[in-house]
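So the structure is just underneath, and the comments pick up after that.
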Amino acid sequence: EQFLKAIDIVLVAVSEHIERFAALAREMAATETRESRRDELLTIAENCDLIAHQPPQTFWQALQLCYFIQLILQIESNGHSVSFGRMDQYLYPYYRRDVELNQTLDREHAIELLHSCWLKLLEVNKIRSGSHSKASAGSPLYQNVTIGGQNLVDGQPMDAVNPLSYAILESCGRLRSTQPNLSVRYHAGMSNDFLDACVQVIRCGFGMPAFNNDEIVIPEFIKLGIEPQDAYDYAAIGCIETAVGGKWGYRCTGMSFINFARVMLAALEGGRDATSGKVFLP
Numbered sequence: 001e002q003f004l005k006a007i008d009i010v011l012v013a014v015s016e017h018i019e020r021f022a023a024l025a026r027e028m029a030a031t032e033t034r035e036s037r038r039d040e041l042l043t044i045a046e047n048c049d050l051i052a053h054q055p056p057q058t059f060w061q062a063l064q065l066c067y068f069i070q071l072i073l074q075i076e077s078n079g080h081s082v083s084f085g086r087m088d089q090y091l092y093p094y095y096r097r098d099v100e101l102n103q104t105l106d107r108e109h110a111i112e113l114l115h116s117c118w119l120k121l122l123e124v125n126k127i128r129s130g131s132h133s134k135a136s137a138g139s140p141l142y143q144n145v146t147i148g149g150q151n152l153v154d155g156q157p158m159d160a161v162n163p164l165s166y167a168i169l170e171s172c173g174r175l176r177s178t179q180p181n182l183s184v185r186y187h188a189g190m191s192n193d194f195l196d197a198c199v200q201v202i203r204c205g206f207g208m209p210a211f212n213n214d215e216i217v218i219p220e221f222i223k224l225g226i227e228p229q230d231a232y233d234y235a236a237i238g239c240i241e242t243a244v245g246g247k248w249g250y251r252c253t254g255m256s257f258i259n260f261a262r263v264m265l266a267a268l269e270g271g272r273d274a275t276s277g278k279v280f281l282p
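For the sequence shown, position 57 matches number 57 in full-length UniProt numbering, and the numbering has no gaps at all.
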């Protein structure tokens with residue numbers, strides 16, 4: 001009972017927090033002289049009013065809600081590596097309806113909205129040591145967005161790449177910012193067209209996207225006892241760690257740093273770890 005009361009308090013607080021942004025947008029619109037910007041601010045206000053209490057109806061509203069959830073999690077937890085999961089999957093129904101079916105939003109505007117979201121992620125920051133900032137190319141919080149991969153449909157793996165996957169990839173390639181961390185789930189059935197698009201973004205020189213290999217990750221999840229349907233829904237968190245959003249991914253990974261010298265020593269010792277005596281290499 002106490003837990004449910006706590007949830008109710010949090011939900012009311014979140015709604016009120018979002019409503020403040022609606023009020024601020026209207027206040028800014030009242031003094032804005034540029035018509036296009038005034039209309040934009042009024043749309044922001046309407047979007048915030050709606051998502052404060054109801055499910056989003058448009059791509060803009062859905063993306064706005066994603067950002068608010070991210071912001072609130074960061075405020076509450078002083079979070080690190082709080083990640084978005086498979087954004088191209090759960091936002092695609094909104095994108096498809098607005099851009100492809102109703103044509104109430106064009107692709108270029110959708111990319112602009114993604115850029116706005118990515119720029120807001122850069123405002124989430126922590127003061128770190130100089131050595132950490134140098135090693136991490138700044139002070140990123142490793143807010144990961146995963147695209148691509150596969151979905152399990154009627155027991156069969158199906159390529160999950162969709163038009164929003166391309167739009168997210170292109171938006172990151174244009175902006176070239178340190179946030180979000182962009183990860184692509186690679187698999188053997190991925191189209192050459194999407195793989196080429198990924199390579200073109202990598203050539204921009206800002207270190208993204210990273211790749212997670214479905215051919216390795218999914219079988220390993222299943223070995224751990226994770227249901228296949230969930231294993232096919234995994235996403236990257238933080239740097240390169242993997243998890244099933246909301247279901248599995250509770251271990252400490254330490255940014256997946258690997259002691260390569262220890263691995264090499266074990267290889268020279270017939271696969272046996274010199275410290276523990278455990279055999280972990282074939």
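A virtual CB, placed ideally from N, CA and C, is assigned to each residue, including glycine.
Flag this pair as yes or no: are the beta carbons of residue i and residue j separated by less than 8 angstroms?
i	j	result
Thr146	Ala235	yes
Ile44	Ala25	yes
Arg88	Ser191	Looking at the sequence shown, residue 88 is not Arg but Asp. Cβ atoms of Asp88 and Ser191: not closer than 8 angstroms.
Ala52	Tyr94	no
Leu91	Val99	no
His132	Ile72	no
Trp118	Ser171	yes
Ala29	Leu50	no
Asn212	Arg185	yes
Glu19	Cys48	yes
Ala167	Arg107	yes
Leu169	Cys198	yes
Val124	Gln156	no
Glu46	Arg38	no
Given that a residue counts as buried once 16 or more other Cβ atoms are within 10 Å of its Cβ, and exposed if not, what is residue i?
i	result
Phe280	exposed
Val10	exposed
Gln200	exposed
Ala266	buried
Gln64	buried
Gly149	buried
Val82	buried
Val161	buried
Phe3	exposed
Arg86	buried
From this set, the options, which residue's C-alpha is nearest residue i's C-alpha?
i	options	result
Ser183	Cys172, Pro209 and Asn78	Pro209
Ile216	Ser276, Ile72, Leu175 and His187	His187
Asp214	Tyr232, Pro55 and Glu170	Tyr232
Ser177	Glu16, Val201 and Phe206	Phe206
Val153	Glu123, Gly245, Gln74 and Gln229	Gln229
Asp159	Leu175, Phe194, Lys126 and Thr31	Phe194
Leu122	Glu108, Gln143 and Ile72	Gln143
Leu114	Pro180, Gly79 and Met28	Pro180
Glu241	Phe221, Gly225 and Pro56	Phe221
Phe84	Gly270, Thr275, Tyr67 and Ile75	Tyr67
Cys239	Pro140, Ala197, Ala6 and Thr33	Pro140
Pro55	Ser15, Glu76 and Glu40	Ser15
Ile226	Gly246, Ser36 and Asn212	Gly246
Pro163	Gln57, Gly130, Gly189 and Ile111	Ile111
Asn102	Gln57, Ser116 and Ile127	Gln57
Gly270	Ser136, Ala261 and Pro282	Pro282
Residue i lies in the beta strand (DSSP E); which residues open and close that run?
i	result
Met158	Gln156 to Asp159
Thr146	Asn144 to Gly148
According to DSSP, which residues form a beta bridge with residue i?
i	result
Ala235	Ala243
Val99	According to DSSP, which records beta bridges pairwise, Val99 is partnered with nothing at all.
Arg86	Thr146
Leu152	Pro157
Gly182	With the sequence shown as reference, residue 182 is identified as Leu, and Gly is not the correct amino acid for it. Paired residues: Val145.
Ala210	Ser183
The alpha helix (DSSP H) spanning residue i covers which residue range?
i	result
Ala188	Note, Ala188: premise wrong, no alpha helix (DSSP H); not H, not E.
Ala274	Counting along the chain, Ala274 falls outside any alpha helix (DSSP H), and DSSP gives it neither H nor E.
Gly130	Gly130 to Ala135
Ala13	Gln2 to Thr31
Phe221	Asp214 to Lys223
residue 307	With the chain covering only 1 through 282, there is no way to say anything about residue 307.
Ala110	Arg107 to Leu121
residue 287	Outside the displayed span of the chain (1 to 282) sits residue 287, for which this structure offers no information.
Cys172	Pro163 to Leu175
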